[in-house]
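Protein chains in written order, with UniProt numbering: chain D, 1 to 457; chain W, 1 to 457; chain A, 1 to 457; chain P, 1 to 457.
Positions of the beta carbon are idealized from the N, C-alpha and C atoms, including for glycine.
Bear in mind that the values here come from a model prediction, so they are computed numbers and not experimental data.
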Ligand SMILES: [Zn+2]
Ligand SMILES: [Zn+2]
Ligand SMILES: [Zn+2]
Ligand SMILES: [Zn+2]
Ligand SMILES: [Zn+2]
Ligand SMILES: [Zn+2]
Ligand SMILES: [Zn+2]
Ligand SMILES: [Zn+2]
């Protein structure tokens, strides 16, 4: 008798493919995978006719950036559960000593998240770089972010003595290369010296509208920065743990393919908005960096996601309200948009249903690969005995129209409002608990917990 | 209540790695994988302290070649079970119409095998080539062999009108490329025009001893033939289903790496004797084609097996008796030696214990990868609910000295007699039945069955 | 005062590009290259308004194959001079000992050639292979031919004991790899086991017309054979001296590009008919092996010639008369056609004038690269002080209609009869002598001489 | 009767190899290349027993940097002539408008150079970038420099508004990509954000001696910067005209090889001091950026120069006096050292005589390849009729001990003082005039002239 059984579903295992089975949950973990119909449980979640995916790992969210962390943790994990998200990687940055402040933040997070989470800490200074070994050994945080886009802004943004020039990156890369535990360095590719100048020019030329966003961040300036940063990792023998976030441009995807062919171990992520929107569909609500580009970029990203050049889908989720987000003009509008909850549905709708990805590939790019890249696997991202019972039961054929209400974020808009999307969770389980069921978020704040790394599995 | 439970073992899953679990068996298949200690069974196999591997798939044996098929099936599947073998691929050739004769052979096999089996049929003539579509659709046999080594001999050997020149290969490759079901073409790499001439020269020069075998079959003549044959497959768009058997030479392994880098999908196999013996250790009992070579080849093969250039281990098993095998001199000695039963133990002993392979890689190369190459997966080669319950419980730390008695083959010698080998099965399960237990073969002839392909999973 | 001056022309140097200059000739060699208009000569060839190319090296002719060598040497070197040919490589084969017979043949050649020549000897047997070192050291012949197309025919064709299987090739490749002097092995790519069978099938099916020739020799059977043969050379460390003749198929050109990318040093040749004709333009007069193929092959060959994958143009010239050549049907028609004289004009007309090649590239592919491949350079193929004064003055804008009369071959037809071709020699100089001038062949039989290799320059 | 004849020498032609010839000079240019002993001249330079190289093109000097341009032009071209230099590329930078100031500088240069010269202008600002098209069309200057090492210093150094961030580079690269004439962008690879920080650290740690120079500029920071800058060129489709100066580190050489394999057209230069010195041999007189490194770097650079990864040798020549150069400690010492005059002798002595380069390769890397990279060819860098008669007669076997007096620079020291060097010019000709003869510089200031590009040849 298991605590809970997900019964009679079609399991979509990133590693073992698609097969019918019951999944028995005992406590937090998968206790059994067994012939469909064979398991007994205190509670039974009926998955007959539906698919069972490993819980979505959204490795790229920003919680606590525009709103307090406790608020974001409460509302955005609520929203995530609607979309099958069971783990988020919160890319988090402060100018202060992480060793001093993270206990507080983790405590706040611990009280408020409904699903599990980990932090990826922005390394902004030599002081941060020097803290890397202790962050890993003391805080159980092993992933870090290199904000190439803020290279020339961190001093002002965070009241630091110096900007984030490559000496800082060189420093933290050295520290990372020396740490014994597996670590990850996430990288925002952007040649901000180029984009900064373009921004000045565009502003002074009176450019406006979504074109102004696209033109500020040309694809080649993303691609060149990706090569430049990845090569610095390579010089430190660290390219295997280098992780390029939100690839948005065909140029970048092509350069990644070339680097991988040359033996670089670099991993890359794209986001659902680059896969599912084009610039023509965008307005101030879609203001994001990097921007949403033209059709040719979108097509290239799907191809590179299918062929393995890009291995992970994330969202760059930020919760904000339309009234705050949309300013007087595009320049005054806020960065970032909410989208964790639509990640899996969109990958199913536009990826699987459009024939671009197999079901199994969908499970890889929404769960297993992010878990591997961030060293959460096989605790997360796997359907295996002993792995956390993070599972999503999905009706891959259910079509819904996206509305903010559906998504239950603090944000009162979506980049996809009005879109028909096919493939929605019926149940989301987080470590064995039914955290979401057919429209209702059941998990309370505090059900989620921090994933200490390196994981013990 | 399962029919049988393999309890408390450490599962070595090719796809999911190493974890503790019970495995429940219902009928022929895996019914459940569950937390260690949680399952009940009519029967319990205690695997505590031991590892549970997927049953060994030896894709390269010759049953019915020197001895009648019924005899070989009976005795050699008995021997295989001792070593954890649960499926063999019998590379089988006759000059006659396979459509006419295979029913009989399958019937014979069906009555005598103790473990499961499939056939790989040698294509020797245009008539054979023409039969390919019907063999696939009627006989459930989807794998074939191209004997490049017999290129100039098949007419005489099999009383055929013509030899096995490339027109025949071109013919069957065309047929194979046209068949919709997945198929496999196994290839014996050997430039027999070169080796044939060397053989004449060596014979007339009075060469003898094991050197005469090595010198007949230089590595470069294997490598060149591999490239030549694989390129013909490439011309037919068939390189993804091309399978190079018994790679024995560093030159071949290096050329394979180059072809794969160029985008060829070719799969390659090596055999335990190339990994675990060097020519200095060999005498007439080791007469085999290709020959066992020097240390540098052995080292290269381990490296290429670890790095994925070579993906499968097989044995080229042939049962014969030492009195028959060893002739007056090396020229009179017979080809081939028995070795299915030592395959997994040697991979563990010389591969895993020597730090050349991980446990998981051992499971890949002894089971999953052969199953994939021959389109048996995930029925075979996987530890998954619904997969055949072919399992081997292994005490990876048990050391035994190889003797013919230990191996229970019809052969009364082994290439490894006297060697201390660490890592032996305690139990072998074939489709749920305990077919071998601590020295005793329990499965009767006829327990094994033909694997019809394409498999329905 | 030079013996002769080619005055005021535009020199097209394969190595130094295009520039105005006088070229002074002293005896056999270039004595001076000097400012246009500056040199005095006993005789002056006025090249004002015209271009001066290095003499054409046609590395692939068959003289003495269907007609006696003395006849061919006399008439076909006459024809060659019309087209600017100053050196031919005669691919020559006999079953007998070359050491015994070549003195006679060279004597015959010496009495009859009007331009210079060298031999490339077909290696047909182990006896031939064994002669390689002495042929090089005694006869000054350093280039050889591997007739893969006659693999299964040489025994009958040449009354030999055995056919030309790979053991023979392996033998001569070993010998070649051991010779210290630079050597060349020319290779006719054809999987004759495949083409032989296709031939039988086509014959018995009643196929006829030019399609029957094309269908006998599919491009993939050329490509696969090229890879197979080149890899055998690679196994002997001899790929840098391996020379693939008459590439006719896109498949082969693409495989060549791949091999070169992998580091193979192989050189390749195509012929004018593959560049300037398509199968639709062909009839029995164009029967040649390999056949003239479709437009896509032609386009690929021009591209590969421009990008350096293919480095040499030759002709495969054979003199025969239309009455003999054209038989009752395509099966009865003779192999081979005359085309040395049209080689340079066609490369200029279809290559340079159509924008596919630069003038300099034209000089490389018609002269320098063949001279390098056959180790004649810089004696041949260069416009340099001390090099042989083999020069062609060309009016690149002169258009003529091809007729047999124009070409002065013993052949009474041309594959190009009636075609307008732009770019014709006004003068051809062979070692300083004006051998051809505006329609008149001036060189007598015997003016040409054998090029002993290795050359002393 | 030529104005001058270089008689009976062994010509070392980068394009045509090594052969005996007379070279006749008429006015500025080569009027004839003719059989040795055949030419008459008003004047005859006897080259019997010696080699005749194309005049050395040193593409990397700094004239007018520490001393006035007129002084440097006078004395350093004097010194250059001693070493066979006939053309220098003066890498020249000013903060002002080049369109406004270069006329003056060219006039100064015109009055003072004894050999020919061209300018490569440092692009330091958006204003400079905007001037690129007019510089090319009006000033005949087509090569430019990207000082990555001064990225963060140009504002202060040149009193500019902003530093040389990538937006400036992006700007001038766009302009360059749009110019129709062939142009060149020379690039100093250095991640100055990393080296700047290391410099601070080393200074504050009290580091001193030559180690302090080496440790400031680690090889990987050069390599990474090379990749980063070259990739930006690639994004503009400009990598074929991208030229990496003074490669000093094995890491950089290896990355270059990788980029070239991936199809980048980038050209690279190293300098004689990286080839002929190691850090152990260095003191304050060798303070230079990048620094002279260890033996492994030197060995790698010779290998890459031989194999074509690196194609050009330059010097980074700067004239200064030891009293000025050597400061109180390494930090106070000046950058740069004189070495144009030793360039060819060292390449012959350490390259050719040590078996690392052929004579022909020496002529390529000291003359032709720089001429091609800077679009001076075939006016410069070729031994061809019509090319400038810039020639060096060299006694490749003459050994001399380096002294400042020998070199005739304004500098009173050499990095090679006391070294025995074998291979010295006997005569240097600049556009037909004997500018240097056995110890005496004969050319007056003003003999040299600016090379307007694109050249008309
Ligand atoms: Zn970002
Ligand atoms: Zn982000
Ligand atoms: Zn075999
Ligand atoms: Zn076999
Ligand atoms: Zn041929
Ligand atoms: Zn031919
Ligand atoms: Zn510099
Ligand atoms: Zn410099």
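**Asked** Any idea what DSSP makes of residue 245 of chain W, helix, strand or coil?
**Response** Here residue 245 of chain W sits in coil by DSSP.
**Message:** Less than 8 Å between the beta carbons of residue 157 of chain A and residue 187 of chain A, yes or no?
**Reply:** With a cutoff of 8 Å on beta-carbon distance, residue 157 of chain A and residue 187 of chain A are scored as not near each other.
**Asked** Should residue 226 of chain D and residue 244 of chain D be called a contact, given that it needs their Cβ atoms to be closer than 8 Å?
**Response** In this structure, residue 226 of chain D lies near residue 244 of chain D, with their beta-carbon atoms less than 8 Å apart.
**Residues bridged to residue 425 of chain P [DSSP beta-bridge criterion]** = According to DSSP, which records beta bridges pairwise, residue 425 of chain P is partnered with P:394.
**the region 186 to 199 of chain D: positions lying closer than 7 Å to chain P by Cβ** = Correct list: 191, 193, 194, 196, 197.
**Whole-angstrom distance between residue 146 of chain W and residue 329 of chain A, CA atom to CA atom** = The alpha-carbon atoms of residue 329 of chain A and residue 146 of chain W are separated by roughly 37 Å.
**Request:** In angstroms with no decimal places, state the Cα-to-Cα distance between residue 12 of chain D and residue 235 of chain W.
**Result:** The alpha-carbon atoms of residue 12 of chain D and residue 235 of chain W are separated by roughly 36 Å.
**Request:** For residue 30 of chain A, write down the residues that DSSP places opposite it in a beta bridge.
**Result:** According to DSSP, residue 30 of chain A bridges with A:25.
**Request:** Kindly indicate which residue of A:163, A:192, A:352 has the alpha-carbon position closest to the one of residue 462 of chain W.
**Result:** Residue 462 of chain W falls outside the range modelled here, since chain W spans only 1 to 457, and no answer is possible.
**Item:** Residues near ligand 6, criterion Cβ-heavy atom distance below 6 Å
**Value:** Proximity to ligand 6 was defined by a C-beta distance below 6 Å to any of its heavy atoms, and the residues meeting it, in sequence along the chain, are A:60, A:62, A:91, A:316.
**Message:** For chain A, check one thing: does any of its Cβ atoms lie closer than 8 Å to the Cβ of residue 489 of chain P?
**Reply:** Limits of chain P in this structure are 1 at one end and 457 at the other, which puts residue 489 of chain P out of reach.
**Request:** Quick one: grab the DSSP three-state call for residue 400 of chain P.
**Result:** Strand, per DSSP.
**Request:** Report buried or exposed for residue 122 of chain A, applying the criterion of at least 16 other Cβ atoms within 10 angstroms of its Cβ.
**Result:** The residue in question, residue 122 of chain A, is buried, as its Cβ has 16 or more Cβ neighbours within 10 Å.
**Prompt:** Using Cβ-Cβ distances below 8 Å, what residues of the region 379 to 391 of chain A are close to chain P?
**Reply:** For the region 379 to 391 of chain A, which is checked against every Cβ of chain P, the residues closer than 8 Å are 382, 384, 385, 386.
**Request:** Compile a chain-ordered list of the residues in the region 260 to 286 of chain A whose CB is closer than 8 Å to at least one CB of chain P.
**Result:** Shown here is that no member of the region 260 to 286 of chain A has a Cβ falling below 8 Å from a Cβ of chain P.
**Message:** Counting C-beta neighbours from all protein chains within 10 Å, is the total for residue 219 of chain W 16 or more, i.e. buried, or is it exposed?
**Reply:** With 16 or more Cβ atoms within 10 Å of its Cβ, residue 219 of chain W is classed as buried.
**Request:** Pair every Cβ in the region 418 to 430 of chain A with every Cβ in the region 388 to 408 of chain A, then say whether three or more of these pairs are closer than 8 Å.
**Result:** Segments in contact, yes.
**Message:** Which runs of the beta strand (DSSP E) at least 3 residues long sit entirely within the region 267 to 351 of chain A? Give them in chain order.
**Reply:** Counting only runs of 3 or more, we get 267 to 271, 312 to 314.
**Request:** Could you tell me the boundaries of the beta strand (DSSP E) in which residue 133 of chain P lies?
**Result:** Per DSSP, residue 133 of chain P lies in no beta strand (DSSP E); the unbroken alpha helix (DSSP H) holding it starts and ends at 126 to 134.
**Prompt:** Can a CB atom of chain P be found closer than 8 Å to the CB of residue 33 of chain A?
**Reply:** Contact of residue 33 of chain A with chain P is assigned, a C-beta pair being separated by under 8 Å.
**Item:** residue 256 of chain A - containing alpha helix (DSSP H), residue span
**Value:** Taken as a continuous stretch (DSSP letters only), the alpha helix (DSSP H) holding residue 256 of chain A covers 250 to 261.
**Secondary structure of residue 203 of chain A, DSSP reduced to three states** = In the structure shown, the three-state DSSP call for residue 203 of chain A is helix.
**Asked** Could you give the distance in angstroms between the alpha-carbon of residue 302 of chain W and the alpha-carbon of residue 281 of chain W?
**Response** Cα to Cα, residue 302 of chain W sits roughly 18 Å from residue 281 of chain W.
**Message:** Using CA atoms only, rank isn't needed, just tell me which of A:150, A:48, A:45, A:138 is closest to residue 95 of chain A.
**Reply:** The residue from A:150, A:48, A:45, A:138 with its alpha-carbon nearest to that of residue 95 of chain A is A:150.
**Asked** At a Cβ threshold of 8 Å, is residue 464 of chain P touching chain A?
**Response** An answer regarding residue 464 of chain P cannot be provided, because it is not within the stretch 1 to 457 covered by chain P.
**Three CB pairs or more closer than 8 Å across the region 316 to 326 of chain D and the region 52 to 61 of chain D** = The region 316 to 326 of chain D, when compared against the region 52 to 61 of chain D, does touch it at the 8 Å Cβ threshold.
**Request:** Have a look at residue 137 of chain D and residue 180 of chain D and give me their C-alpha separation to the nearest angstrom.
**Result:** Spanning the two alpha carbons is a distance of roughly 10 Å.
**Item:** Closest residue to residue 47 of chain P among P:410, P:22, P:435, P:309 (Cα-Cα distance)
**Value:** When the alpha-carbon of residue 47 of chain P is set against those of P:410, P:22, P:435, P:309, the nearest one is in P:22.
**Request:** List the residues of chain P whose Cβ lies closer than 7 Å to the Cβ of residue 231 of chain D, in chain order.
**Result:** Here the neighbours are 224, 227, 228.
**Asked** In three-state terms, what does DSSP make of residue 149 of chain D?
**Response** Here DSSP, grouped into helix, strand and coil, assigns residue 149 of chain D to helix.
**Request:** Report all residues from its chain with a CB closer than 7 Å to the CB of residue 169 of chain P; omit the five preceding and five following residues, and keep chain order.
**Result:** Residues of the same chain with a CB within less than 7 Å of the CB of residue 169 of chain P, apart from the 5 flanking positions on each side, are 146, 232 in chain order.
**Message:** Below 8 Å, how does it come out for the region 428 to 445 of chain P and the region 353 to 371 of chain P: are there three or more Cβ pairs, yes or no?
**Reply:** No, the region 428 to 445 of chain P does not touch the region 353 to 371 of chain P.
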